[in-house]
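**Q** Quick one: the structure is below, and I'll ask about it shortly.
There are 2 protein chains.
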Amino acid sequence: MPFDDRGLAYGDGLFETVLVRDGVPCLWDEHLARLARGAAALGIPMPSREILEALPPRAGDGLAVLKLVLTRGSGGRGYLPPAPAEPRLRWRAAPFAPAAERWREGVRVRHCRLRLGVQPALAGLKHLNRLENVLARAEWSAPDIAEGVLCDAEGRLVEATCMNLFWWRDGAWWTPRLDRCGVAGTLREALLARGEIRETAAGPEALDAAEAICLGNSVQGLWPVVRLDDAEGRPRGRWPIGARHRMLQARAHDLLGYPVDAMKDVP
Amino acid sequence: MPFDDRGLAYGDGLFETVLVRDGVPCLWDEHLARLARGAAALGIPMPSREILEALPPRAGDGLAVLKLVLTRGSGGRGYLPPAPAEPRLRWRAAPFAPAAERWREGVRVRHCRLRLGVQPALAGLKHLNRLENVLARAEWSAPDIAEGVLCDAEGRLVEATCMNLFWWRDGAWWTPRLDRCGVAGTLREALLARGEIRETAAGPEALDAAEAICLGNSVQGLWPVVRLDDAEGRPRGRWPIGARHRMLQARAHDLLGYPVDAMKDVP
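From first to last, the protein sequence lines are chains A and B. To convert, note that position 86 of the first sequence is 86 in full-length UniProt numbering; the numbers rise steadily by one, no gaps. To convert, note that position 78 of the second sequence is 78 in full-length UniProt numbering; the numbers rise steadily by one, no gaps.
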C-alpha cells in the first residue's frame, strides 16, 4: 500500500475476512452486503460484483481465509475525501484451520475493562478503525482465555473482540443490537435472517442469568462458553455444554460447511 | 507499507504532522511528547530520539510539513498484538504554504452533525483511527467554510475536524478538556503550558456566548473565527476580528515562526 493511502493514514476503509473452501466463499452474499453497507456509509465507491467474484477462486484448494481491504485510495486534502474517490482494493488469501477443539470443548472468556465508544455513524461496519478491539484484546495474554466480552460506554453488551455474542434465555437465543457500536458479523446476520437468534439491548447481567452462551464468527464457527470471568480474572459463571449449544452450533456450522455434530461425543 | 502492516489493518499506530522550517522542526518537544504518550498508551515501542531527530533536517529548505507514521508493524494473531512488537516508522515531507489570508481575514466555520464517540483510552492521542474526522469533514464541501466544530456524544465541545478550539470569555481564553475524545494538538499544549489558555468542560452554548473564537494547529497557525453556522448552514454567530484574536495569534505565531503582526492591517 502506498504511504499516502487513506486506509493507512486515517483507517479510511473497510475489510472483510471470508472463509473459502476450495475456491467457494461461505456467506458470500452476507459479506458483499456488509461491504456495500459500509461503502455507502463512508461514501466509498463499491467495486463491481465481477471484480469481487473473481477473488475467492484465487484462494486455492482446501480451506482458506480471504482478506479483502477496500480503502478510499489516495488524495483529498487532509481529512476531506477526494471527489470522486478512486478506491483501492487489495486482497490476500492464507490457508486456514479452525480451532476444532473449541467447537467440542468450549472456551473460557472474560469481561474486558475497555468500554466501546458509542458511534452510530460507524456501528455495525467492519471498518479499519479497530484500535478499540486491539486494546481490548491486549488486556490478557493467557492462552486459555479465548475471548473478551465488550460492553459500550453506557454499559450495554456489544460483542467479543472478534466474535459476536449469543445467549439462551427464556426459550430463545439473543444477541446484542449493534446500532451504537460493534461489528455486525456475517454469521450473526445469517442466523438473524433465518430466525435462529433475536436482537436485544441488555447489560452484562444478562450473561450471568443466561442458560447458555456462545461466541461465533464466519471464520471460526461457533464456540460454546463454559466459563466467564470478570475483568480481574475471577470466575463469574460456569456452564456445562448442552443441547442448546449443540443446536445453535449445528445451525451455524451448516452455514459454514463445518461439522454439525462436533458436540456429538460431549458427555 | 506492506499489506499486513497493523497500521493499515487496524489503524494500529500513531502519526504526527510537523511544521519544519529550513530543516528545523517547530514545537518538536511537544510532538515527541505526544508521540511518546501515544506509544505508551498503545504499548508500541518508541523509536529512539536519535532516529527521530534525523528526520526534520531531511525535509529540505524552506517551509515543509513532515508527516511521521509509527505503526505496531506486522504480526500478532488478529487483534492480539505481537510481543514484542517490531514497530514501523515511515515519513514523508512536502513543501508547505500556510493559508495566510485566513490569519488576516479570519474564517467561517460550522457545527458538525456527527458527534465524537467517548473513548478515554484513546482521548488526546493522534492515532490512526480517524474515520470520525473524515466523516465530519465530509459533511460540507463549500470552500468558504474552513472548519467544522465537533461535540462529543454527550454534547460537550471538543475540537474542530483538524484544529483545536479556543474562545475568549470572562477575561481568559478557554479550550475544551480532551480527556474523553479529541486530539491534543501541540500548539494547544504549548499555549496551555505557557498559561495562555485554560481547559474547561463546556457545551456549544459557550461559543454563542464567547467574545472571540479562534481555531489553531501547529501547521496552519491561528485563525480568528468571524462566523459560526449551525449544522444546517444557518448563521449562529458573527464576530469582528479584534485585539483579543490578535493577542492569541501573536502568542501562537511566535511559537511557530509565523508573522505575529498578521492582523496589523485589519481595520
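Glycine is no exception: its CB is placed at the ideal position from the N, C-alpha and C atoms.
1. Starting from B:His31 and walking both ways along the alpha helix (DSSP H), at which residues does that stretch end?
2. Tell me the rounded alpha-carbon separation between A:Pro267 and A:Arg102.
3. Pick out the complete beta strand (DSSP E) segments inside the region 76-102 of chain B, 3 residues or longer, and give them in chain order.
4. Examine chain B for any beta-carbon lying closer than 8 Å to the beta-carbon of A:Leu114, and answer yes or no.
5. On the three-pair Cβ rule with 8 Å, is the region 93-112 of chain B touching the region 120-131 of chain B?
6. State the start and end residues of the unbroken alpha helix (DSSP H) segment that holds B:Leu135.
7. Thinking A:Arg198 and A:Trp223 are a contact (beta carbons under 8 Å), I'd like their distance in whole angstroms, please.
8. Whose Cβ in chain B lies nearer than 8 Å to the Cβ of A:Arg130?
9. If I measure Cβ to Cβ from B:Val118 and keep anything under 8 Å in the same chain, skipping five residues before and after, which residues do I get?
10. Between the region 166-191 of chain B and chain A, which residues of the former have CB atoms less than 8 Å from a CB of the latter, in chain order?
11. Among all the DSSP beta bridges, which residues are the ones paired with A:Ala64?
12. Let me know if A:Gly13 comes out buried or exposed under the rule of 16 or more other beta-carbons within 10 Å of its beta-carbon.
13. Go to B:His127, then tell me how far its beta strand (DSSP E) extends in each direction, as first and last residue.
14. What are the boundary residues of the alpha helix (DSSP H) that includes A:Ala142?
15. Pairs of beta-carbons, one from the region 189-208 of chain B and one from the region 128-138 of chain B, closer than 8 Å: are there three or more?
16. Just to confirm my understanding: we take B:Cys162, look at its own chain, exclude 5 residues before and 5 after, and list those with CB closer than 6 Å. What are they?
17. Check the Cβ of A:Leu122 against every Cβ in chain B and list those closer than 7 Å, keeping chain order.
18. Between B:Gly242 and chain A, is the shortest Cβ-Cβ distance under 8 Å, so that the two count as touching?
19. What residue from A:Cys214, A:Ala172, A:Thr186 has the CA that sits closest to A:Gly195's CA?
20. Taking 8 Å as the threshold (C-beta atoms), are B:Arg104 and B:Ala146 in contact?
21. When you compare the region 45-65 of chain B with the region 77-93 of chain B, are there three or more beta-carbon pairs, one atom per stretch, that lie closer than 8 Å?
22. Quick one: does B:Cys162 have its CB under 8 Å from some CB of chain A?
23. With 16 other CB atoms within 10 Å as the buried threshold, where does A:Leu19 fall?
24. Mind checking if B:Phe3 is an interface residue toward chain A, Cβ cutoff 8 Å exclusive?
25. Quick one: grab the DSSP three-state call for A:Asp152.
26. Thinking just about the alpha-carbon of each residue, which of A:Trp239, A:Arg236, A:Ala190, A:Gly38 is nearest to the one in A:Gly216?
27. List, in chain order, every chain A residue whose beta-carbon is nearer than 7 Å to that of B:Leu135.
28. Between which two residues does the alpha helix (DSSP H) containing B:Ile51 stretch?
29. Does DSSP put A:Thr186 in a helix, a strand or coil?
30. Just list the residues that DSSP pairs A:Trp239 with in beta bridges.
31. Give the residues of chain B in contact with A:Val118, contact being defined as C-beta atoms less than 8 Å apart.
32. Runs of 3 residues minimum, wholly inside the region 207-257 of chain B: which ones carry the beta strand (DSSP E) assignment?
33. Using the rule of at least 16 other Cβ atoms within 10 Å of the residue's Cβ for burial, across every protein chain shown, is A:Val24 buried or exposed?
34. Since B:Arg6 is in the alpha helix (DSSP H), which residue starts that stretch and which ends it?
35. Check the Cβ of A:Gly43 against every Cβ in chain B and list those closer than 8 Å, keeping chain order.
36. If you follow the beta strand (DSSP E) that A:Ala172 is part of, which residue opens it and which one closes it?
**A** So, from the listed chains and residues:
1. Taken as a continuous stretch (DSSP letters only), the alpha helix (DSSP H) holding B:His31 covers 28-42.
2. Below a pLDDT of 50, predicted positions are generally treated as unreliable, and A:Pro267, at 44, falls in that range; the measurement from the model is reported next regardless. About 15 Å.
3. Listed in chain order, they are 88-95.
4. Interface residue, yes.
5. no
6. Its alpha helix (DSSP H) spans residues 131-137.
7. Wrong, their Cβ atoms sit about 20 Å apart, outside the cutoff.
8. Ala9, Tyr10, Gly11, Asp12, Tyr79, Asn129
9. So the list reads Asp152, Ala153, Glu154, Arg180, Cys181, once near-sequence residues are dropped.
10. Cys181
11. A:Val20, A:Pro95
12. Answer is buried; the Cβ neighbour count reaches 16.
13. From DSSP, B:His127 is part of no beta strand (DSSP E); its letter is neither H nor E.
14. Per DSSP, A:Ala142 belongs to no alpha helix (DSSP H) and is neither H nor E.
15. No: the two stretches stay apart, fewer than three of their Cβ pairs being nearer than 8 Å.
16. none
17. Leu131
18. no
19. From the listed residues A:Cys214, A:Ala172, A:Thr186, the smallest Cα separation to A:Gly195 is found for A:Ala172.
20. Contact check for B:Ala146 against B:Arg104 fails: the beta carbons are separated by 8 Å or more.
21. yes
22. Judged by the 8 Å Cβ criterion, B:Cys162 is in contact with chain A.
23. buried
24. yes
25. It is a strand residue.
26. A:Ala190
27. Near B:Leu135 (Cβ distances below 7 Å), the residues of chain A are Ala121.
28. 49-53
29. The three-state reading of DSSP puts A:Thr186 in helix, counting H, G and I together.
30. A:Trp239 pairs with nothing; no bridge assigned.
31. Gly117, Val118, Ala153
32. 212-217, 221-229, 235-238
33. exposed
34. 6-10
35. Ala138
36. Run containing A:Ala172: 172-176, per the beta strand (DSSP E) assignment.
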